[in-house]
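Those letters in the sequence shown? Residues 32 to 528, per the working numbering, in order. Some notes on the structure that comes next.
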Amino acid sequence: SKVPYFGRNVGAVQTVSSVMDDVATKALPPIVNVSGKVNVNAFSPRDGKIDLSTINEIAPSLNAASRALTSAQKQLRHIDAGSLLLPLRGPVSTIQYKIESARSAASAGDLAARLMPTMLGQNETRRYLLLIQNNAETRATGGISGSFALITAKRGKLTMGRQGSNLDLKPFAKPVVQMTNDEKSVFTDQLVRDLRDSNVTPHFPRTGEITAAMARKSLGVTVDGVISVDPIALSQILGGTGPVTLADKTVLDQTNAVEMLLNTVYLRYQDNEKQDAVLESAARSIFDVIKAGTGQSRTIISGMVLAANENRLMLWSSHPDEQREIAPTGLSGVFSEDGGAKPHVGVYFGDGSSTKMEYYLDYSTLARSTRCLVGGAQAISTNTQLVSNAPTGLPLSVTGDGSFWPRGEMRIYAWLYAPHGGRFLSVRVDGVPQVITSARLRGRAETTVVLTIKPGEAHSITTTMISGRDQRDDGVFSTTPGVRPTLNDVPIPSACS
């Protein structure tokens, strides 16, 4: 492999050969050993219960396969397939892709097999707070926590207990947890006093801590974790469960769930209690059909994976050992504190008018790395476009009564975050320079702009920033999951590569 011209090609062939031998001897045997038991049904409920004994039985084999495939993937990722001789490029790229796909699946199975028995009450009863976010009233992680439910897991058996809305979990007179200095620089203490504002922070583990404290103080329940989901995620799951019928006889399916739960319910019912009843009925109906195991398990899990990839399905555990395992996964909703060599950029939104108008809000952001700077920093720009598609004549149940903001208009907070160790150079709204605030969250520079968007109006937010030093890798752009399908954690091609 030291021959100058052919060296990298010979080395690549040797690496691929060695990797495939390792896969054949270390990864395939444990997979074959449990092939009759490892499928999505092993992780799915049947008649209200998940068989934990089967998961425990297959866990060692999944772990062995995951370790072997992870080792293989690490060896293969150092090969630049595009620089190889033409006959080798395609085959090597294909092997890299297939090994990475297998590693990802095995890793997910390994993690599930390690966490699920304990988290589903194998040793002691577990309790979880389920939050249903409402994207029609936007918050950083999606939307306000409009309704909640308590889930109990005991030896794999799942039950849904008390349900309620934010009207049942009223604002607290004093903070339920102490705010950090960073949080004080960005948010008001509504973050730690009001369920509706517990997710103005983009860091879901913090929302988990806050809402768990709220449940303890208001409901008298100590929860082992917090799960969050939004109606878009529910619609993706409904693709596998099939339709469900709600208490008001509405038939909810994959095609109408988003519109029904984020808009139609407010057009149809003016009364808060009736609105809440529909939302709670939807949560229970979907939970019941998943628990029964009557749907298509593979499609249900695929829907959950898609929801997690869009940051619509999130999980936090109050047990530190479990949370350490969850944190690196797509379920965590972690707001990156220090991405190492990856510059992380964020644009998040929050409603400031207490309405359900954001059902009519469309937005998108283009993030680009424009230059590689001295010291390995990158110059990055973002261009965010927002437009209101709201019609006229909407009822008070959607627009609000005008006490917070003129009816039909949106008041939007945009929280902008630079990479760790970086800073903003400029922020403009519709081309007009804005004052850059000096706030920080989890070590990242933050600045806030506030927009008023009337029906039919479009506005832009543009920024330029520099990352921290030695952040030469492709960046990551994250944003608030909206009503429409939203790509999240999108790669920003590096200008330093």
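Cβ atoms here follow ideal geometry from the backbone N, Cα and C, with glycine treated the same way.
- In the structure shown, L161 adopts extended strand secondary structure according to DSSP, grouped into three states.
- Annotated as distal: L310 and V320, with beta-carbon spacing of 8 Å or more.
- Following the DSSP letters along the chain, one finds K129 inside the alpha helix (DSSP H) bounded by residues L117 to M150.
- The DSSP-derived three-state label of S367 is coil.
- For R438, the closest C-alpha among the options Y444, A410 and E389 is that of E389.
- Contact check for V254 against L160 passes: the beta carbons are separated by less than 8 Å.
- Between T396 and N414, the gap from beta carbon to beta carbon is short of 8 Å.
- The beta carbons of A445 and F380 sit about 6 Å from each other, so the pair counts as a contact at 8 Å.
- Only residues of its own chain outside the window of five on either side were considered, and among them I331 and G334 have a CB closer than 6 Å to the CB of I268, listed in chain order.
- Counting only residues of its own chain and dropping the five nearest sequence neighbours on each side, G152 has a CB closer than 6 Å to the CB of A184, K185 and R186.
- Within 10 angstroms of the beta-carbon of V275 lie 16 or more other beta-carbons, which makes it buried.
- Scanning K129, S400, R315 and G506 for the CA closest to the CA of G192 turns up R315.
- Taking all protein chains in view, the Cβ of T211 is surrounded by fewer than 16 other Cβ atoms within 10 Å, so the residue is classified as exposed.
- The beta carbons of T479 and T468 sit about 6 Å from each other, so the pair counts as a contact at 8 Å.
- A398 has T413 as its beta-bridge partners, per DSSP.
- Of the candidates E168, S328, Q285 and E353, the residue whose Cα lies closest to the Cα of N294 is E168.
- When the beta-carbon positions are compared, E368 and R503 stay at least 8 Å from each other.
- No Cβ-Cβ contact shorter than 8 Å links S259 with M150.
- With 16 or more other CB atoms across the displayed protein chains lying within 10 angstroms of its CB, P374 is buried.
- The stretch 491–507 makes contact with the stretch 403–412, as at least three CB pairs between them are under 8 Å.
- If one requires a minimum length of 4 residues, the alpha helix (DSSP H) runs lying completely within the stretch 193–228 are 212–217, in chain order.
- DSSP places A184 in the uninterrupted beta strand (DSSP E) bounded by G173 to K185.
- Secondary structure at T479: strand, using DSSP grouped into helix, strand and coil.
- Pairing I317 with I357, the inter-Cα distance amounts to about 24 Å.
- The beta carbon of L83 is closer than 6 Å to those of P148, Q153 and G187 in its chain, skipping five residues each way along the sequence.
- DSSP places D393 in the strand class (E or B) of the three-state scheme.
- 8 Å or more divides the Cβ of G239 from the Cβ of R343.
- The Cβ atoms of I126 and L107 sit closer than 8 Å to each other.
- Ranked by how close their Cα comes to the Cα of R134, the residues G121, K105 and S124 have K105 in first place.
- Note on the stretch 248–276: whole beta strand (DSSP E) runs with a minimum of 3 residues are 256–260, in chain order.
- Each of G177, V458, H451 and S216 was checked against the Cα of G195, and the nearest Cα belongs to G177.
- At a Cβ-Cβ threshold of 8 Å, G364 and P236 count as neighbours.
- In summary, P76 is buried, with 16 or more beta-carbon neighbours lying within 10 Å of its beta-carbon over all protein chains present.
- Annotation for S348: no alpha helix (DSSP H) segment contains it, though the beta strand (DSSP E) segment containing it runs M345 to S348.
- With contacts defined by Cβ atoms closer than 8 Å, Q301 and S428 form a contacting pair.
- Per DSSP, T494 is one residue of the beta strand (DSSP E) stretching across A489 to I497.
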